[in-house]
Amino acid sequence: MTTLIVSLSATLGSEVFIGKGNPIAVVYDVICNKDTGKITYFILCPLAAEEKGEPAIEDYYAVHHSYFYFDDEDEVLNFSGKLGNDEHSFFLDLPQQYDDSEVKDLAEFNRLVIINSAAAGHRSDND
């Protein structure tokens, strides 16, 4: 990563990718630590399967920022389950606006990633 400065307003609403060019979610919100102001979690909404490109607002996932990186070439936000620290695999506190919402954690988001990244295997009819 060569660019260390990012715009949060540009990040909100942007697609999150897994692998090369496979969009999975949209950044719905950015949660910062109230004492330090540092980013802690991205609130993600998965892309609706029936309308690819539109977020499914009824589902929320809180994922620690350490699981994401910007691809310098395309300037897109990518998710990688290998990046983050296990200590950040769960969330402790979210703002009051999420009190009435079911916000899922990293384990649930990883399930969504697995479902959406399954690739068809090669089939050979040769006997």
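Here the working numbering runs 698 ahead of the position in the sequence shown, where the first position is 1.
Glycine included, C-beta positions come from ideal geometry on N, C-alpha and C.
- Each of Ser799, Asn731, Val761 was checked against the Cα of Arg809, and the nearest Cα belongs to Val761.
- The Cβ-Cβ distance between Tyr758 and Ile737 does not fall below 8 Å.
- Nearest to Asn814 by C-alpha distance, out of Ala708, Phe715, Thr709, is Phe715.
- Around the CB of Pro744, 16 or more other CB atoms lie within 10 Å, so the residue is classed as buried.
- In this structure Leu781 is exposed. Its beta-carbon is surrounded by fewer than 16 other beta-carbon atoms within 10 angstroms.
- The beta carbon of Glu806 sits closer than 7 Å to those of Tyr759, all from its chain and outside the five residues before and after it, given in chain order.
- About 24 Å separates the Cβ atoms of Gly735 and Val724, ruling out a contact at the 8 Å cut-off.
- Relative to the Cα of Cys730, the nearest Cα in the group Pro793, Gly779, Tyr765 belongs to Pro793.
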